[in-house]
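Chemist: Can you read through this structure? Questions will come right after.
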Amino acid sequence: MKRRKGTSDSLLTKAGGELDDRFKLAGPTRVLMNKVFPDHWSFLLGEIALFSFILLLLTGTFLALFFEPSMVEVTYNGAYVPLQGVEMSQAYASSLDISFEVRGGLIMRQMHHWATLLFMASILVHMLRIFFTGAFRAPRETNWMIGILLFWVGFFEGFFGYSLPDDGLSGTGLRIMEGMTQSVPFIGPWASAALFRGQFPGTDVISMIYIIHVFIFPLILLALITVHVGLVFAQKHTQWPGPGRTEHNVVGYRMFPNYVMKQVGFMLFIWGVVAAMGGLFQINPIWLFGPYEVSVVSSASQPDFYVMYLDGLIRLFPAWELRIPPYFTLPAVFWPAIAGMGLSVVLPLIYPALERRFTKDRGHHNLLQRPRDNPARTGLGVMVVVFWTIGTISGGNDVFAETFDISLNAMTWAGRIGIVVLPIIAYYLTYRICLGLQQHDREVLAHGLETGILMRDPDGRFYEVHQPLAEPDEHGHTELEYNGWVVPKKMNRVGALEPTEKGFFKPIEEPSQNGGAERRDEIESGRKH
Amino acid sequence: MAASAKRRRGWRKRLGALARFTGALVIVGGLYSVFSPSLYAQEPDANAIDSEAVKGQELYDTSCISCHGDDGEGIEGRGPSLIGVGSAAVEFQVNTGRMPMAAQGAQAPETYPSFTEEEAEWLGAYIEYLGGGPSMPDDLEALVEHADVGEGGELYRVNCSSCHGYAGGGGALSSGAHAPSLEGVSDEELYQAMLTGPQNMPVFADNELTPEQKADIIAYVQYLVNDDKDPGGVFALGRYGPSTEGLAIFLVGMTALLLTTLWIAGKS
Chain A
1416 MKRRKGTSDS LLTKAGGELD DRFKLAGPTR VLMNKVFPDH WSFLLGEIAL FSFILLLLTG
1476 TFLALFFEPS MVEVTYNGAY VPLQGVEMSQ AYASSLDISF EVRGGLIMRQ MHHWATLLFM
1536 ASILVHMLRI FFTGAFRAPR ETNWMIGILL FWVGFFEGFF GYSLPDDGLS GTGLRIMEGM
1596 TQSVPFIGPW ASAALFRGQF PGTDVISMIY IIHVFIFPLI LLALITVHVG LVFAQKHTQW
1656 PGPGRTEHNV VGYRMFPNYV MKQVGFMLFI WGVVAAMGGL FQINPIWLFG PYEVSVVSSA
1716 SQPDFYVMYL DGLIRLFPAW ELRIPPYFTL PAVFWPAIAG MGLSVVLPLI YPALERRFTK
1776 DRGHHNLLQR PRDNPARTGL GVMVVVFWTI GTISGGNDVF AETFDISLNA MTWAGRIGIV
1836 VLPIIAYYLT YRICLGLQQH DREVLAHGLE TGILMRDPDG RFYEVHQPLA EPDEHGHTEL
1896 EYNGWVVPKK MNRVGALEPT EKGFFKPIEE PSQNGGAERR DEIESGRKH
Chain B
727 MAASAKRRRG WRKRLGALAR FTGALVIVGG LYSVFSPSLY AQEPDANAID SEAVKGQELY
787 DTSCISCHGD DGEGIEGRGP SLIGVGSAAV EFQVNTGRMP MAAQGAQAPE TYPSFTEEEA
847 EWLGAYIEYL GGGPSMPDDL EALVEHADVG EGGELYRVNC SSCHGYAGGG GALSSGAHAP
907 SLEGVSDEEL YQAMLTGPQN MPVFADNELT PEQKADIIAY VQYLVNDDKD PGGVFALGRY
967 GPSTEGLAIF LVGMTALLLT TLWIAGKS
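From first to last, the protein sequence lines stand for chains A and B. Heads up: the first sequence begins at 1416 in this note's numbering, then just goes up one per residue. Heads up: the second sequence begins at 727 in this note's numbering, then just goes up one per residue.
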């Protein structure tokens, strides 16, 4: 490429030119730098998962340097006094060493665990945003399914990580997984024997899940995340409807410099929050749990929060055991654990197809829907949220009962009844609230804003003055179409107050106090309704 | 003749067998009574009641009798018999304020004690007088001083953690009962609780956990609740494990980051 005359000949330009001569970077970089992203807080939730995943890789690599994935019995002689002289597996001993003797080991362990919880929590919140706004609709069904898979791979990746230190709590978790595996008809016992190479807990399971945890599943996660983000790039981000926004454009900021700066800042902020939590909040104090022994099960043994709803379902489900003589037994745990988990995988995966089938909506959608504009979907979503929340609380119902001094039996029965009844009530209420919000939007579009000014007719009748949003017809009505975006509900939004500069908590400039009188005249000209 | 002599010899033989049998019985019975403790050695004896038990009886007759009945015999549906529970149980229940019980419920809650420690001892002496039962060792302090914390930890995890939890924070039991937190419980109370099994707690008699093993557990529990400084951070989240950690990630982590998203998206 021949350098044109008149361009600035700075060192940077020169270096860029040299690079482009060799690697042909200018074209793709320009496309990338000019790519436009819409700007809305709810579009930043997936990034929390992405950046905590990067932090997980970094902290996990540090931990892998010091962790011994071995179940060989050793006698602990480390720094934690109450465990000195206790027989334990090498995995647990090295986890204790990471916590007490490796410099920075404890905060790294805690950051790794907090980042895991943040990863899973942000996936859930991100998934809710995608669901409630209909962002999973065509052409983005594939990316929704990849997202669901990411959650489930993350689910097992997290569970395996929780199992690795071989402490009392993690062993209890593995024991429950063994029970769940064995409850699968026909193949269960064989699968369990294959997993533990014979009887639980065996001597191999830690080294096996170690390889899964540090190599296989991170690789799958990395591949899925790459495809996930790549598809967002290729299909372009969805956006809210609004002025100038159509199904065929993207309104927002360019990748460079605006979006990149925001993303880098956000990434550092996320890492800062995880580091602060790792330093301030004690998580998974494995030294209290002791080495895993099959005979030891502590009260308040819970899995991490993203597994807890399954634990809750197991706690709530009645002991309905199916026996078909002479040999076949289907234990009760099969229904909540295996069937419940299976449904939690399959239903979200096929939801976009189901919705297409029932709404017969085959179009492509790049504009998002407000949750109120699709009451059935929003109702279903809230139903799932309520179901999940009751399941999760029931997973910790002993802690809940103990903390709030409630009978554990009452908690169990409240959960059993609640998990059936409350989602239905939640669906109905959500549906009605959505319709109410829709109606209010239409009402404002047709009749104008409530001004809060009450007038009294000479005959004694009171009425509120409304400010129409357009020139009204002879009945005081305006024919304005709802376009799927926020309808102004306050006079401030339509210029009753002078425009102010937006601040984070309150306006940077207070609105001026003079000139109110003129505006009041203007409002009085509004038709009475 | 020969037949009668034979008969006489038979009689003699039988008499001899009877004598030998009686002798053996006497020897065995004598040995038994010498070496085995009498079941009724502590049978109440009106002459043996001492001044402490008398004072205890006075307190008993005003504060305990309505539920536990005359002479600690118990009242069906109100309170169990106290015969044979021993002074350790009485001192534990009274000194922790569990007895006298404020109201019938799933479990006597721990409150402020209604009696002084001296009065509790009197009550204990009275119940001891009624029917004996386990009492405290004299050298508990020395036992705890020479206890093995590591051994105590293993015993704690096997015997105690299933109700009181890994961290000694307590836990829920069925029908509104609960295993209380072990924080701030004295060595004596821990020992008394293990020895007598108050409320829903099982009894760990000396043939299940020796006094030395109980002392090991006490040493571990005291380490757990007093000396373990929660090295992981300023906030231990109640040491409840994943349930409060899950709450924290949403209330602290997600909330902070959602505010950040609002801030970042708002600054354009």
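Note that beta-carbon positions come from the ideal geometry of N, C-alpha and C, so glycine has one too.
MET1692 of chain A touches chain B at which residues, Cβ-Cβ below 7 Å?
Modeler: Here residue 1692 of chain A is taken as the residue at index 277 of the first sequence, counted from 1. Within chain B, the residues near MET1692 of chain A are VAL978 and GLY979.
Chemist: Please report the straight-line C-alpha distance between VAL1859 of chain A and LEU1783 of chain A, rounded to a whole angstrom.
Modeler: Reading the first sequence from its first residue, position 444 is the one you call residue 1859 of chain A. Reading the first sequence from its first residue, position 368 is the one you call residue 1783 of chain A. Computed Cα separation, rounded: 22 Å.
Chemist: For MET920 of chain B, count neighbouring Cβ atoms within 10 angstroms of its own Cβ and tell me buried if that reaches 16, exposed if not.
Modeler: Taking the second sequence and counting its residues from 1, the one referred to as residue 920 of chain B is at position 194. By the neighbour-count rule (16 or more Cβ atoms within 10 Å), MET920 of chain B is buried.
Chemist: Does the structure place the region 807-818 of chain B close enough to the region 834-853 of chain B that three or more beta carbon pairs sit under 8 Å?
Modeler: Judged by Cβ distances under 8 Å, the region 834-853 of chain B makes contact with the region 807-818 of chain B, as three or more pairs qualify.
Chemist: Look up ILE801 of chain B in the DSSP assignment and say whether it is helix, strand or coil.
Modeler: Here the question's residue 801 of chain B lines up with position 75 in the second sequence. Strand.
Chemist: Which chain A residues sit within Cβ distance under 9 Å of SER840 of chain B?
Modeler: Walking along the second sequence from the start, residue 840 of chain B turns up at place 114. By Cβ distance, chain A contributes nothing, its closest Cβ being about 22 Å from SER840 of chain B, past 9 Å.
Chemist: Under 7 Å, do SER1578 of chain A and ILE1624 of chain A count as touching if we go by C-beta distance?
Modeler: Position 163 of the first sequence, counted from the first residue, corresponds to residue 1578 of chain A. Position 209 of the first sequence, counted from the first residue, corresponds to residue 1624 of chain A. The answer is yes: Cβ separation under 7 Å.
Chemist: Between LEU973 of chain B and LEU1440 of chain A, what straight-line distance do the alpha-carbon atoms span, to the nearest angstrom?
Modeler: Walking along the second sequence from the start, residue 973 of chain B turns up at place 247. Walking along the first sequence from the start, residue 1440 of chain A turns up at place 25. About 47 Å.
Chemist: Contact check, PRO1633 of chain A vs LEU1823 of chain A under 8 Å by CB: the rounded distance?
Modeler: Here residue 1633 of chain A is taken as the residue at index 218 of the first sequence, counted from 1. Here residue 1823 of chain A is taken as the residue at index 408 of the first sequence, counted from 1. Actually they are not in contact, since the Cβ atoms of PRO1633 of chain A and LEU1823 of chain A sit about 39 Å apart, beyond 8 Å.
Chemist: Determine the chain A residues that contact GLU784 of chain B at a beta-carbon separation under 7 Å, and present them in chain order.
Modeler: Taking the first residue of the second sequence as 1, we reach residue 784 of chain B at position 58. Neighbours of GLU784 of chain B on chain A: none; closest Cβ ~35 Å, over 7 Å.
Chemist: I'd like the list of long-range same chain contacts for LEU899 of chain B, defined as Cβ closer than 7 Å, with 5 residues on each side in sequence excluded.
Modeler: Mapped onto the second sequence, residue 899 of chain B falls at position 173. So the list reads CYS889, ALA905 and ASN926, once near-sequence residues are dropped.
Chemist: Using the C-alpha atoms, what's the distance from PHE1630 of chain A back to GLU1483 of chain A?
Modeler: As a position in the first sequence, residue 1483 of chain A is number 68, starting the count at 1. As a position in the first sequence, residue 1630 of chain A is number 215, starting the count at 1. Distance between the alpha carbons of GLU1483 of chain A and PHE1630 of chain A: 15 Å.
Chemist: Are the beta-carbon atoms of GLY1830 of chain A and LEU1728 of chain A separated by less than 7 Å?
Modeler: Mapped onto the first sequence, residue 1830 of chain A falls at position 415. Mapped onto the first sequence, residue 1728 of chain A falls at position 313. It is not a contact, given that the beta carbons lie outside the stated cut-off.
Chemist: Note down the Cα distance separating PRO1706 of chain A from ALA1608 of chain A, rounded to an integer number of angstroms.
Modeler: Position 291 of the first sequence, counted from the start, is the residue given in the question as residue 1706 of chain A. Position 193 of the first sequence, counted from the start, is the residue given in the question as residue 1608 of chain A. Straight-line Cα distance between these residues: approximately 23 Å.
Chemist: Using a Cβ-Cβ distance cut-off of 7 Å, determine whether ASN1781 of chain A contacts chain B.
Modeler: Taking the first residue of the first sequence as 1, we reach residue 1781 of chain A at position 366. Closer than 7 Å: no.
Chemist: Under 7 Å, Cβ to Cβ, is there at least one residue of chain A near THR822 of chain B?
Modeler: Mapped onto the second sequence, residue 822 of chain B falls at position 96. With 7 Å as the cut-off, THR822 of chain B does not count as an interface residue toward chain A.
Chemist: Would you mind listing the alpha helix (DSSP H) stretches within the region 1608-1639 of chain A that are 4+ residues and don't spill past its ends, in chain order?
Modeler: Counting only runs of 4 or more, we get 1620-1626.
Chemist: Just to confirm the assignment, what range does the alpha helix (DSSP H) spanning ILE1463 of chain A have?
Modeler: The residue given as residue 1463 of chain A occupies position 48 in the first sequence. Its alpha helix (DSSP H) spans residues 1460-1481.
Chemist: Closest to MET1560 of chain A by C-alpha separation, out of A:ALA1768, A:GLY1613 and A:GLU1894, would be which residue?
Modeler: For the purposes of this step, residue 1560 of chain A is taken as residue 145 along the first sequence, with counting starting at 1. Selected option, being the one with the closest Cα: A:ALA1768.
Chemist: At a threshold of 6 Å, does LEU1465 of chain A count as lining the ligand PLP (C-beta to nearest heavy atom)?
Modeler: The ligand PLP is absent from the structure shown, which contains no ligands of any kind.
Chemist: Following the continuous alpha helix (DSSP H) through LEU985 of chain B, name the residue where it begins and the one where it ends.
Modeler: Counting from 1 along the second sequence, the entry for residue 985 of chain B is found at position 259. Run containing LEU985 of chain B: 981-992, per the alpha helix (DSSP H) assignment.
Chemist: Identify, in the order they occur along the chain, each residue of the same chain with its Cβ nearer than 6 Å to the Cβ of ALA767 of chain B, setting aside the five sequence neighbours on each side.
Modeler: Mapped onto the second sequence, residue 767 of chain B falls at position 41. Because ALA767 of chain B carries a pLDDT of 48, less than 50, the predicted location of this residue cannot be relied on, and the following value inherits that uncertainty. The answer is none, since no qualifying residue turns up.
Chemist: Under a CB-based cut-off of 7 Å, is PRO1700 of chain A close to chain B?
Modeler: Numbered from 1 along the first sequence, position 285 holds the residue referred to as residue 1700 of chain A. With 7 Å as the cut-off, PRO1700 of chain A counts as an interface residue toward chain B.
Chemist: So SER1714 of chain A and GLY897 of chain B are in contact, right, with Cβ under 8 Å, and what is the actual spacing, rounded?
Modeler: Here residue 1714 of chain A corresponds to residue number 299 of the first sequence, with the count starting at 1. Here residue 897 of chain B corresponds to residue number 171 of the second sequence, with the count starting at 1. SER1714 of chain A to GLY897 of chain B, Cβ: 3 Å. Contact.
Chemist: Taking CB distances under 7 Å as the criterion, tell me whether LEU1762 of chain A reaches chain B.
Modeler: The sequence position of residue 1762 of chain A within the first sequence is 347, counting from 1. With 7 Å as the cut-off, LEU1762 of chain A does not count as an interface residue toward chain B.
Chemist: How is the beta strand (DSSP E) around VAL870 of chain B delimited, first residue to last?
Modeler: By 1-based counting over the second sequence, the position of residue 870 of chain B is 144. It is not in any beta strand (DSSP E) - VAL870 of chain B instead sits in the alpha helix (DSSP H) that spans 866-871.
Chemist: Under 6 Å Cβ to Cβ from ALA1841 of chain A, same chain only, skipping five residues before and after it: list those, please.
Modeler: Here the question's residue 1841 of chain A lines up with position 426 in the first sequence. So the list reads VAL1797, MET1798 and VAL1801, once near-sequence residues are dropped.
Chemist: Around the C-beta of ASP1726 of chain A, are 16 or more other C-beta atoms found within 10 angstroms, so that it is buried, or is it exposed?
Modeler: The residue given as residue 1726 of chain A occupies position 311 in the first sequence. It counts as buried.
Chemist: Consider the Cβ of CYS886 of chain B: report whether some Cβ of chain A lies at a distance smaller than 7 Å.
Modeler: As a position in the second sequence, residue 886 of chain B is number 160, starting the count at 1. No, CYS886 of chain B does not count as interfacial toward chain A.
Chemist: Here's a check: name, in chain order, each residue in its chain whose Cβ is nearer than 7 Å to the Cβ of ILE1463 of chain A, leaving out the five neighbours to either side.
Modeler: To locate residue 1463 of chain A, count along the first sequence from 1; it is residue 48. Result list for ILE1463 of chain A: LEU1533, SER1537 and ILE1685, in chain order.
Chemist: Mapping the DSSP letters down to three states, classify GLU1662 of chain A as helix, strand or coil.
Modeler: By 1-based counting over the first sequence, the position of residue 1662 of chain A is 247. Coil at GLU1662 of chain A, not helix or strand.
Chemist: Per DSSP, which one or two residues make a beta bridge with GLU909 of chain B?
Modeler: As a working note, residue 909 of chain B is residue 183 in the second sequence. BP columns for GLU909 of chain B are empty, so no partner.
Chemist: Out of A:ARG1771, A:HIS1862 and A:THR1827, state which residue places its alpha-carbon closest to the alpha-carbon of GLU1896 of chain A.
Modeler: One-based indexing of the first sequence puts residue 1896 of chain A at position 481. Ranking A:ARG1771, A:HIS1862 and A:THR1827 by Cα distance to GLU1896 of chain A puts A:HIS1862 first.
Chemist: Look up GLY897 of chain B in the DSSP assignment and give the residues it is bridged to.
Modeler: Here residue 897 of chain B refers to the residue found at position 171 when the second sequence is read from its first residue. The partner list for GLY897 of chain B (beta bridge, DSSP) reads B:ALA905.
Chemist: So what does ARG1871 of chain A bridge to, in DSSP terms?
Modeler: By one-based count along the first sequence, residue 1871 of chain A stands at place 456. Paired residues: A:PHE1877.
Chemist: Take the Cβ of THR987 of chain B as the centre, count every other Cβ of all protein chains shown within 10 Å, and call the residue buried at 16 or more, exposed below.
Modeler: Stepping through the second sequence from its first residue, residue 987 of chain B is reached at position 261. THR987 of chain B is buried by the Cβ-count criterion.
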